[in-house]
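Structure first, then comments.
Numbering (the working numbering), first residue to last: -16 to 187.
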């Protein structure tokens, strides 16, 4: 039997600045969390090999800038994505209200023709904090209306982070491609970021 080629998947994390995108990525890939926050400029990415349904998959996870002044730098990195993860902070209502805008912007710039079926996963982050303002019921209703899987996570306490990204990997695999990810734009600005995140599974 001839060995199968590796499957490459590109996953893009989107959401407002400070919701914990970088922390989620670092917790999932490096099992590391830090309270020091530094805004991502442009985009950063890390890779991880995972087994999905007996397939060896290389996940390339892109963390994009959430701050408005750096936001335009990340648009070029949407192209070639196999799945998009929308992240909000359950303690900041505005970050939840902006999810529609993030989703619409991604679909407008990702270069895909199958925008109605493109896979998204929603993560309600920072459930380890006590100032929650976005209820699980409200978030679940929003996700159910759009047919999107929903998780509540904590990057700080590593709550449901692995489970969330396993779902991301399975959805991305459905968009399978056995070629290297979309070529990188000219310049990549890499900046470590940290934020606490929490995870809560929901069958939406």
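Glycine included, each C-beta is placed from N, C-alpha and C at the ideal position.
Return helix, strand or coil for residue i, following the three-state DSSP convention.
i           : result
residue 35  : strand
residue 2   : coil
residue -4  : strand
residue 9   : helix
residue 43  : strand
residue 143 : coil
residue 126 : helix
residue 30  : strand
residue 175 : Note that residue 175 scores a pLDDT of 42, beneath 50, so its modelled location is shaky; the value from the coordinates is reported in the next line. In the structure shown, residue 175 sits in coil (DSSP, three-state: anything other than H, G, I, E or B).
Does the beta-carbon distance from residue i to residue j come in below 7 Å?
i           : j           : result
residue -7  : residue 63  : yes
residue -1  : residue 92  : no
residue 111 : residue 140 : yes
residue 61  : residue 101 : no
residue 11  : residue 105 : no
residue 138 : residue 3   : yes
What residue range does the beta strand (DSSP E) around residue i cover?
i           : result
residue 135 : 133 to 137
Within the continuous alpha helix (DSSP H) that includes residue i, where are the two ends?
i          : result
residue 83 : 82 to 92
For residue i, which residues does DSSP report across the bridge?
i          : result
residue 71 : 107
How about the stretch 67 to 80 and the stretch 1 to 9: do they share at least three Cβ pairs that are nearer than 8 Å? yes
With a cut-off of 8 Å, do at least 3 Cβ pairs link the stretch 72 to 87 to the stretch 23 to 42?
no
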